[in-house]
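J.: This structure is in structure tokens; I'll ask about it shortly.
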Amino acid sequence: MRVLVVGSGGREHALIKKIKQSPRVDYIACCPGNGGIAYDAECFNVGATDIDGVVQLAKEIKADFVVVAPDDPLVMGMVDALHQEGFATFGPDAKAAIIEGSKVFSKNLMLQYGIPTAEYKVFDNPSEVIDYITAKNEFPTVIKADGLALGKGVIIPETLEEAIAGVKEIMEDKIFGASGNQVVVEEFLTGPEVSVLAFTDGKCVKPMVSSMDHKRALDGDKGLNTGGMGTVSPNPYYTDAVAQECMDKIFLPTVQAMNAEGRTFKGCLYFGLMITPKGPKVIEYNCRFGDPETQVVLPRLKTDIMDIFEAINNETLSDLPIEWDDRACACVIMASGGYPKAYPKGLAITGLTAGDLDGVTVYHAGTKRDGEQLVTAGGRVLGVTALGDTLQEALDKAYDGVEKIHFDGAHFRRDIGQRALAAK
Ligand code: AMP
Ligand code: GLY
10 MRVLVVGSGG REHALIKKIK QSPRVDYIAC CPGNGGIAYD AECFNVGATD
60 IDGVVQLAKE IKADFVVVAP DDPLVMGMVD ALHQEGFATF GPDAKAAIIE
110 GSKVFSKNLM LQYGIPTAEY KVFDNPSEVI DYITAKNEFP TVIKADGLAL
160 GKGVIIPETL EEAIAGVKEI MEDKIFGASG NQVVVEEFLT GPEVSVLAFT
210 DGKCVKPMVS SMDHKRALDG DKGLNTGGMG TVSPNPYYTD AVAQECMDKI
260 FLPTVQAMNA EGRTFKGCLY FGLMITPKGP KVIEYNCRFG DPETQVVLPR
310 LKTDIMDIFE AINNETLSDL PIEWDDRACA CVIMASGGYP KAYPKGLAIT
360 GLTAGDLDGV TVYHAGTKRD GEQLVTAGGR VLGVTALGDT LQEALDKAYD
410 GVEKIHFDGA HFRRDIGQRA LAAK
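To get the working numbering, take the position in the sequence shown, counting from 1, and add 9.
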């Protein structure tokens with residue numbers, strides 16, 4: 010099989026390393042890819058949202074299967090365009106990807122089908138938002154831009170002043186463009202967060218092993234929200250009882266609701282959950298693998314990932330048993346100094362042979378090749394990942410890897426996994 014993967018981050022690198030393990034695959038291409046992915050796949054300079062370019066590339070390289078990993082091309086309909094040309098794909102079509110592309114859609118879906126989530130109201134006018142928040146006078150409150158916003162479209166104001174400033178940025182200054190035409194204001198929930206990625210072909214749903222993201226930039230869950238500074242799997246808060254409740258009240262009802270809406274979802278459906286005192290509730294849906302959740306979930310996958318992708322494409326997922334490694338996995342993100350705000354690029358990275366340490370894998374997120382040298386090229390640069398018999402062992406190995414790697418101003422959290430360890 011010849012496989013094309015669309016995207017360029019650590020998630021895509023983890024997908025490619027897993028696809029490479031399939032004995033069925035003899036060629037992997039990636040567009041646009043990055044400096045580290047280039048060691049595992051042939052990279053082509055076609056942008057991840059360039060639908061015509063990707064279709065053309067798939068034809069040129071005679072791809073048998075195309076995996077579309079990021080949210081924006083999925084929401085824009087890249088899978089639809091690939092289907093029109095007869096390609097087998099992994100990823101939802103645009104009609105189904107709206108579950109991530111519009112928070113207004115997903116909140117209304119959950120309300121209509123009785124799927125547990127935070128109470129909410131939708132607004133398309135900034136002064137009405139402010140009137141509502143003022144009258145309610147409950148803080149913190151949660152304000153979400155309707156559309157895609159690089160994971161930054163959620164604000165949690167502690168005061169009315171902060172809320173007014175945030176609404177102005179989203180709805181008037183349009184810092185996320187048209188994504189801010191509408192906002193959802195919702196109830197602030199509390200409890201541990203769990204990420205569950207699930208394979209679904211629209212007929213059945215097979216959750217992968219659970220994980221925990223660390224979204225804030227600094228230790229102790231302080232600082233700004235980021236795309237994710239590290240992950241561990243499994244997530245100790247996702248007990249068997251919670252898993253069963255999620256299956257019955259959230260996973261199956263979501264897949265059925267999408268079918269009922271004529272928007273059958275095929276691919277990886279990401280459930281961002283909060284385990285509240287009143288049970289698990291949906292914080293967000295994503296229409297794709299999480300980043301950096303994928304970096305700790307896929308190393309635990311034992312089943313051939315191409316068999317899974319093909320079963321989803323053929324709607325025969327229920328016939329395929331999926332097996333998981335019992336070991337724990339941890340991923341520590343090494344980011345550019347300054348991320349998630351402005352950061353320098355082009356800094357030399359040394360010590361990457363950490364990837365040769367037993368059980369350690371370095372997934373590249375924002376790197377590129379500059380002659381023989383690998384240099385930084387993004388906010389999140391590397392995801393240093395390790396499996397271990399215990400979570401502590403996985404974390405120790407991952408941090409041993411981090412110690413060996415250097416670039417100027419490298420920033421990483423030192424407390425990845427601590428909350429998970431404390432839960433036990
Ligand atoms: P999202 O981009 O939707 O994943 O939201 C970013 C983060 O905001 C989540 O991981 C949560 O920590 C937090 N968050 C989102 N919605 C709520 C809510 N209703 N209550 C409390 N925290 C929330
Ligand atoms: N790590 C969160 C996400 O992928 O959206």
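The beta carbon of each residue, even a glycine, is placed where N, CA and C say it ideally should be.
(1) Pick out whichever of ALA72, GLU69, ASP73 and CYS39 has its Cα sitting closest to the Cα of ALA57.
(2) Between which two residues does the alpha helix (DSSP H) holding GLU319 run?
(3) Three-state secondary structure (DSSP) at GLY380?
(4) Please look up how many angstroms separate the CB atoms of THR399 and ALA339, rounded, as I've assumed it's under 8 Å.
(5) Near GLY200, which residues of its chain fall below 7 Å by C-beta distance, leaving aside the five closest residues on each side in sequence?
(6) Could you tell me whether the segment 367 to 381 touches the segment 421 to 428, using the rule of 3 or more Cβ pairs below 8 Å?
(7) By the DSSP assignment, the beta strand (DSSP E) with HIS373 in it spans what residues?
(8) Inspect the beta-carbon positions of VAL76 and VAL14 and report whether they are closer than 8 Å.
(9) ASN117 by DSSP, collapsed to three states: which one?
(10) As a quick exercise: from MET256, VAL214 and GLY86, pick the residue whose alpha carbon is nearest that of LEU326.
(11) Mark LYS406 as exposed unless 16 or more other C-beta atoms lie within 10 angstroms of its C-beta, in which case mark it buried.
(12) Between which residues of its own chain and SER31 is the CB-CB distance below 7 Å, once the five residues before and five after are set aside?
(13) DSSP three-state call for GLY239: helix, strand or coil?
(14) Any heavy atom of the ligand SAH within a distance shorter than 7 Å of the CB on GLY160?
(15) Is the Cβ of GLY360 closer than 8 Å to any Cβ of chain B?
(16) Please say whether ASP300 and GLY18 have beta carbons closer to each other than 8 Å?
(17) Mind reading off the beta-carbon distance from THR376 to THR385? Whole number of angstroms is fine, and I expect it under 8 Å.
(18) Mind checking whether the beta-carbon of PRO301 lies closer than 7 Å to any heavy atom of the ligand GLY?
(19) Less than 7 Å between the CB of LYS145 and some heavy atom of the ligand AMP, yes or no?
(20) Using only the heavy atoms of the ligand AMP, determine whether one of them is closer than 7 Å to the beta carbon of LYS116.
(21) In the DSSP assignment, find the beta strand (DSSP E) that holds LYS130 and state where it starts and stops.
T.: Considering the structure as presented:
(1) CYS39
(2) 314 to 323
(3) Three-state result, GLY380: coil.
(4) Not a contact, Cβ separation roughly 10 Å.
(5) Only MET283, ILE284, THR285 and PRO286 meet the Cβ criterion.
(6) Not touching, per the Cβ criterion.
(7) 369 to 373
(8) yes
(9) helix
(10) VAL214
(11) Answer is buried; the Cβ neighbour count reaches 16.
(12) So the list reads ASP313, ILE314 and MET315, once near-sequence residues are dropped.
(13) Note: GLY239 maps to strand in three-state DSSP.
(14) Only the ligand AMP and the ligand GLY can be found as ligands here, which leaves the ligand SAH out of the picture.
(15) Looking at the structure shown, chain B is missing, and only one protein chain is on hand.
(16) Cβ atoms of GLY18 and ASP300: closer than 8 Å.
(17) 6 Å
(18) yes
(19) no
(20) No, since every heavy atom of the ligand AMP falls outside the 7 Å radius drawn around the Cβ of LYS116.
(21) 129 to 132
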